[in-house]
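Take a look at the structure below.
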Amino acid sequence: MQPLCLSGDTTVNSLHRGTIPLSTVQLGEPIFVGNGKYEPVYSFGHFGPDVRSAKMLKILTNSGTTFTISDNHLVFTENNKAIPAAKL
39 MQPLCLSGDT TVNSLHRGTI PLSTVQLGEP IFVGNGKYEP VYSFGHFGPD
89 VRSAKMLKIL TNSGTTFTIS DNHLVFTENN KAIPAAKL
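Take the working numbering: the last position of the sequence shown gets the number 126, and nothing is skipped along the way.
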């Protein structure tokens with residue numbers, strides 16, 4: 039099984055379609071990246087029909103936002119160090 043990063047059910051904000059599931063995003067589609075900016079999607083790292091399941095974690099941020107990512111997805115800590123989500 040290949041590693042995953044985000045669930046297809048994760049929502050993103052598309053410039054042209056509003057809030058949509060990640061599974062419906064198209065290459066080149068501008069999605070919100072923060073600070074009022076949208077940037078086009080340039081690749082899907084682990085997308086494919088053979089990628090179906092992984093251990094997923096629901097993360098709750100200090101601001102109260104939740105998101106779901108795989109346990110091996112890299113996240114940045116307060117000191118700007120990248121670690122796997124499973125180590126949070």
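C-beta atoms are modelled at their ideal positions from N, C-alpha and C, and glycine is treated no differently.
Here Ser108 is buried. Its C-beta has 16 or more other C-beta atoms within 10 Å. For Thr62 and Lys75, the gap between their C-alpha atoms comes out near 20 Å.
Assignment of Leu53 by DSSP, reduced to helix, strand and coil, places it in the coil class. With distances taken between CA atoms, Gly72 lies nearest to Ser52 out of Cys43, Lys93 and Ser52.
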